[in-house]
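Residue numbers (the numbering used here), protein chains in the order written: chain C, 1 to 348; chain L, 1001 to 1374. Glycine included, C-beta positions come from ideal geometry on N, C-alpha and C. Below is one structure, written out as structure tokens, with a few remarks after it.
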Ligand SMILES: Nc1ncnc2c1ncn2[C@@H]1O[C@H](COP(=O)(O)OP(=O)(O)OP(=O)(O)O)[C@@H](O)[C@H]1O
Ligand code: SF4
Ligand SMILES: [Mg+2]
């Protein structure tokens, strides 16, 4: 049994001997409840301090970006107001000098603007980052969920039914895999947009989001489908699937009850690796100018701006950059911990 | 029903189960296509895993199917439980042809034919509790036993010698032998009439094998379930089966009641298999040693089996006729009724030692000679 990801469940094989059982004390009666592979995984995960810390950090990011409007309200700024240009603010509290660069130290960090202000327009970096993270994280979450669901469905069907179905799905997968992804994103995004929206009109923001979603989804589900397929291929040969067939189970029941629970761990692992890379891809798209456009706050575009002004105002890049590095690092470490917890035998 | 021509049932089995056999297999064939060629893959040959076998299992009978690794035993078992589509032949259960029955058509028969698998580590879903595993078949077939499924699960666990309170545990919390007991409980859940046990103990530790075999024997006797017991040597089957069939390269080469096979074998291959069983003579009160036969080489490839008698490449009695003509599986003179052998030049019906051991392996022969000289 050399499946890519071991499906056996727990590494700790707690062998319980039927004969020795009477020795257990009555108070341990509750202990008779077996611990499922899932529960064992949870116990192992909780023991992994890096994993737990990273999980909290990641959770923190998601909460903060979800609460972005609320935080911005309490903080009293928003990411749209041009604090450096709008006379209403600029006259009372000037934040930019005559060259459009932030006044003060480190990109204009002050009690009013915690992370400084943007050069030229004087927008508040803190709220831009909050809102930008919100856009990116939840976009990435949506894309990743779509990818995983599609990949799992295609992989399960191909793997379980095999034969012609598998052959056909395999060629479709190959076809989509053959696109040069990064290039294609840049080239295809305007096409998708133009396909639905008259180029002379302003593209609505929700539609940009949809276009990003569609393109990333179409070009991203294949690795997961392949992984699920190969896992299912090895599971299908397992005798417990045959046992279900002998009992008369329908293919649907076998997929649902016998196969799916066993591909959850590889899917979960893949999910934790996929999400940060999707965030980076979305950031890349905005950076390349085919993602979200002004004035929608976006994490990736902050880097584009940052790169433009890097020589005059290197501090601008600092906060979004650090935030991104911490997030991606933590999420990847979290992914490692999840993998170790799910699959202790493959450990280091 | 009139006596079945292909494979008459032995006396004793016939007496306690009058009428037609529970399971009747005729000319069963399974060929796996071998694909090859580039760039267009096409069928270039076939693995003749099972090539025309006949057998019948009667109500409550335990039938042993023995043969070397790769001779098609598991394939036979999987064909009978309809996990695989046969290439040819006929399988009937209680006189009803189930050879090509679809899943829906099979439904009424499904619960009566169950299977116990070889590998206790892969036969239980690691993500399901023991209770779920055992009640699964009941759930699938919509069976609601008296007192509920949970009660039935506990009963079954008790029957197979496990703590009934363990229904909430997961397979990884059990040892190999215990897992196999869970597999037995699952097979019993539907009150089957026939259980195909595919090498149920060969993956287990020797010390545990006996326990599980005893359990199966108990189950078979007490519940009157017929067994098709698959094994790769004659030792395990001996204590278990009333009738035994010996398979070689997809064919049954000898079949008969236990006594005939163990004490009056006729086919050279059966002789060879018996001589490899260490305990076969214990307590039989036989004087003198047993014959010793060592087979040379490997089993030939089932893709391209030898012409005529498939055993001829390893047989010490092979003659030209063996290559030209396939020996039919018949009752040869001197055999008891129901004892069929497929051989042109059968051996004497004895397992007494010969004047000279048959050692077909030249290397082995040289070694033994050297050892004898010392
Ligand atoms: N799904 C399959 N596809 C192709 N060939 C197969 C398949 N299953 C079995 N075979 C081949 O059929 C032959 C018989 O296999 P089978 O598993 O029935 O042997 P066996 O007698 O059960 O052996 P063992 O004692 O090792 O379990 C073997 O040569 C095997 O390689
Ligand atoms: S038929 Fe010939 S080759 Fe086959 S077992 Fe008998 S003697 Fe040997
Ligand atoms: Mg086998």
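Per-residue contacts from residue i into chain L (C-beta, under 7 Å)
i              : result
residue 170(C) : Those within 7 Å of residue 170(C) in chain L number zero; the least Cβ separation is about 14 Å.
Which listed residue (the options) has its alpha carbon closest to that of residue i
i               : options                            : result
residue 1043(L) : 1049(L), 1031(L), 1059(L)          : 1031(L)
residue 1179(L) : 1296(L), 1024(L), 1067(L), 1208(L) : 1208(L)
residue 1075(L) : 1217(L), 1223(L), 1182(L), 1047(L) : 1047(L)
residue 1260(L) : 1251(L), 1038(L), 1245(L)          : 1245(L)
residue 308(C)  : 324(C), 287(C), 242(C)             : 287(C)
residue 1190(L) : 1160(L), 1152(L), 1029(L), 1249(L) : 1152(L)
residue 1080(L) : 1028(L), 1297(L), 1255(L), 1273(L) : 1028(L)
residue 340(C)  : 185(C), 270(C), 74(C), 157(C)      : 270(C)
residue 315(C)  : 44(C), 104(C), 70(C)               : 104(C)
residue 1054(L) : 1252(L), 1020(L), 1193(L), 1307(L) : 1252(L)
residue 330(C)  : 202(C), 300(C), 273(C)             : 273(C)
residue 66(C)   : 47(C), 127(C), 121(C), 120(C)      : 127(C)
residue 79(C)   : 130(C), 61(C), 211(C)              : 130(C)
residue 1352(L) : 1306(L), 1316(L), 1263(L)          : 1263(L)
residue 1314(L) : 1271(L), 1338(L), 1341(L)          : 1271(L)
residue 1309(L) : 1091(L), 1329(L), 1132(L), 1181(L) : 1329(L)
residue 122(C)  : 261(C), 185(C), 48(C), 85(C)       : 85(C)
residue 1162(L) : 1292(L), 1318(L), 1130(L)          : 1130(L)
residue 1250(L) : 1318(L), 1144(L), 1071(L)          : 1071(L)
residue 1182(L) : 1195(L), 1158(L), 1194(L)          : 1158(L)
Chain C residues whose Cβ lies nearer than 9 Å to that of residue i
i               : result
residue 1241(L) : Correct list: empty, because the minimum Cβ distance to chain C is about 21 Å.
residue 1125(L) : 238, 240, 241, 243, 244, 257, 258, 261, 262
residue 1141(L) : 247, 248
residue 1106(L) : 248
residue 1186(L) : 243, 247
residue 1333(L) : Ordered by position in chain C, no residue passes the 9 Å Cβ test against residue 1333(L), which lies about 42 Å from the chain.
Residue i: CB within 7 Å of a non-hydrogen atom of ligand 3
i               : result
residue 1222(L) : no
residue 237(C)  : no
residue 1198(L) : yes
residue 270(C)  : no
residue 1118(L) : yes
Residue i beta carbon near ligand 2 (any heavy atom closer than 7 Å)
i               : result
residue 1312(L) : yes
residue 1345(L) : yes
residue 1269(L) : yes
residue 1382(L) : Lying outside 1001 to 1374, the shown extent of chain L, residue 1382(L) is not represented and no answer is given.
residue 1327(L) : yes
Proximal chain C residues relative to residue i, where beta-carbon distance stays under 8 Å
i               : result
residue 1135(L) : Residues of chain C passing the Cβ test: none, with the nearest at roughly 11 Å.
residue 1103(L) : 248, 250
residue 1114(L) : 246, 247
Within chain L, the residues that residue i reaches when beta carbons sit closer than 9 Å
i              : result
residue 155(C) : Near residue 155(C) there are no residues of chain L at all, since even the closest Cβ is about 18 Å away, more than 9 Å.
Where residue i meets chain C, residues with beta-carbon distance less than 7 Å
i               : result
residue 1083(L) : 242, 245, 246
residue 1227(L) : Under the 7 Å cutoff, chain C gives no residues; its nearest Cβ is about 15 Å from residue 1227(L).
Within chain L, the residues that residue i reaches when beta carbons sit closer than 8 Å
i              : result
residue 355(C) : The requested residue 355(C) does not occur in the structure, where chain C is confined to residues 1 to 348.
residue 44(C)  : Within chain L, no residue comes near residue 44(C); the closest Cβ sits about 13 Å away, beyond 8 Å.
residue 253(C) : 1140
Exercise. Would you call the segment 141-151 of chain C and the segment 218-225 of chain C touching, i.e. three or more CB-CB distances under 8 Å?
Worked result: Verdict: yes, contact present.
Problem set entry | Any heavy atom of ligand 1 nearer than 5 Å to the CB - residues listed | Counting every residue whose Cβ lies closer than 5 Å to a heavy atom of ligand 1, we get 1032(L), 1047(L), 1049(L), 1069(L), 1070(L), 1071(L), 1072(L), 1073(L), 1074(L), 1075(L), 1232(L), 1302(L).
For this session: Inspect the CB distances between the segment 228-245 of chain C and the segment 1117-1135 of chain L and report whether three or more fall short of 8 Å.
Result: When Cβ pairs closer than 8 Å are counted between the two stretches, the segment 228-245 of chain C is seen to touch the segment 1117-1135 of chain L, the count reaching three or more.
Exercise. For the 8 Å Cβ check, are there 3 or more pairs between the segment 1105-1118 of chain L and the segment 1171-1178 of chain L?
Worked result: With the cut-off at 8 Å, the segment 1105-1118 of chain L and the segment 1171-1178 of chain L do not touch.
Exercise. Taking one C-beta from the segment 55-69 of chain C and one from the segment 109-124 of chain C each time, how about it: are there three or more such pairs within less than 8 Å?
Worked result: The segment 55-69 of chain C makes no contact with the segment 109-124 of chain C; the number of CB pairs closer than 8 Å stays below 3.
Exercise. Is it a yes or a no for the segment 193-207 of chain C touching the segment 242-261 of chain C, going by three-plus beta-carbon pairs under 8 Å?
Worked result: Not touching, per the Cβ criterion.
For this session: Taking 8 Å as the threshold, find out whether the segment 1221-1231 of chain L comes into contact with the segment 1190-1201 of chain L through three or more Cβ pairs.
Result: Contact between the segment 1221-1231 of chain L and the segment 1190-1201 of chain L is present, because at least three Cβ pairs lie under 8 Å.
For this session: Give a yes or no on contact between the segment 1101-1115 of chain L and the segment 1215-1222 of chain L, applying the rule of three or more CB pairs nearer than 8 Å.
Result: No, the segment 1101-1115 of chain L is not in contact with the segment 1215-1222 of chain L.
Exercise. Below 8 Å, can you find three or more Cβ-Cβ pairs linking the segment 299-313 of chain C to the segment 178-187 of chain C?
Worked result: Output reads no: the segment 178-187 of chain C does not touch the segment 299-313 of chain C.
Problem set entry | Inter-stretch contact at 8 Å, needing at least 3 Cβ pairs: the segment 1288-1308 of chain L / the segment 1333-1342 of chain L | The segment 1288-1308 of chain L vs the segment 1333-1342 of chain L: no contact.
Exercise. Would you call the segment 1236-1244 of chain L and the segment 1063-1077 of chain L in contact, with 3 or more CB pairs under 8 Å?
Worked result: Contact between the segment 1236-1244 of chain L and the segment 1063-1077 of chain L is present, because at least three Cβ pairs lie under 8 Å.
For this session: Could you tell me whether the segment 1152-1162 of chain L touches the segment 1129-1141 of chain L, where touching means 3 or more Cβ pairs closer than 8 Å?
Result: At 8 Å Cβ cutoff, the stretches touch.
Problem set entry | Meets three-Cβ-pair contact criterion under 8 Å: the segment 1089-1098 of chain L and the segment 206-215 of chain C | A contact between stretches requires three or more CB pairs, one per stretch, nearer than 8 Å, and the segment 1089-1098 of chain L fails this requirement with the segment 206-215 of chain C.
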